[in-house]
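The block underneath contains the structure these notes are about, expressed in structure tokens.
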Amino acid sequence: CALDFAWRVVRHAKSNAIVLGRGSSTVGIGAGQTTRVKAVELAVGVAGDRARGSVLASDAYFPFADGIEVAGRAGVAAILQPGGSLRDPEVIARADEYGIAMYCTGWRVFRH
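So for the sequence shown, this note's numbering puts the first residue at 235; every next one is plus one.
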């Protein structure tokens, strides 16, 4: 599935890393950024229109809901991330507002 593929790819990108995927292809990668929201912005910018309906994998949790807002405005359909932020309730609520399915793995896979 697309989420599994994106999760496998994001494990090999430099943190902070975001991968947008469709099927078994990447459509946007944001890696090596100082903030997670910047990584999402980069991945969405690379994907362009292909971000709509894509899935997003993050190598670590979202510390704030701002990255979810960027993904939501771009039309991302689902997010796979480790979870574990003190702000998880806010992050999950923002995903719900955008109709984004969110899955938490419990495992961080970041590379510094």
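We treat Cβ as the ideally placed atom computed from N, Cα and C, and that holds for glycine.
Since the model is a prediction, treat every value here as computed from it, not as a measurement.
Residues sharing a beta bridge with residue i, DSSP
i, result
"residue 315", "338"
"residue 253", "263, 291"
When the options are compared against residue i, the one with the closest alpha-carbon
i, options, result
"residue 331", "300, 342, 341", "300"
"residue 294", "236, 246, 235", "246"
"residue 320", "298, 304, 265", "298"
"residue 347", "249, 342, 253", "Lying before the first or after the last residue shown, residue 347 is absent from the chain, which here runs from 235 to 346."
"residue 318", "249, 259, 292", "292"
"residue 283", "249, 272, 266, 310", "310"
"residue 276", "258, 264, 334", "264"
"residue 238", "333, 313, 270, 269", "313"
Check whether residue i and residue j have beta carbons under 9 Å apart
i, j, result
"residue 289", "residue 242", "no"
"residue 273", "residue 260", "no"
Chain-order list of residues whose beta-carbon lies under 6 Å from that of residue i (same chain, five-residue window excluded)
i, result
"residue 280", "262"
"residue 244", "251, 253, 291, 293"
Supposed close pair residue i, residue j - CB separation, criterion 8 Å
i, j, result
"residue 308", "residue 286", "7 Å"
"residue 341", "residue 323", "The pair is not a contact, with the Cβ atoms about 20 Å apart (cut-off 8 Å)."
7 Å CB neighbourhood of residue i in its chain, flanking five on each side removed
i, result
"residue 368", "The structure shown does not extend to residue 368, since the chain spans only 235 to 346, so no value can be given for it."
"residue 338", "315, 316, 317"
"residue 325", "296, 299, 302, 319"
"residue 258", "239"
"residue 267", "250, 273, 276"
Nonlocal neighbours in the same chain, by C-beta distance under 8 Å from residue i, ignoring five residues either side
i, result
"residue 344", "249, 250, 251, 293, 294"
"residue 271", "298, 300, 301, 304"
"residue 335", "311, 312, 313, 329"
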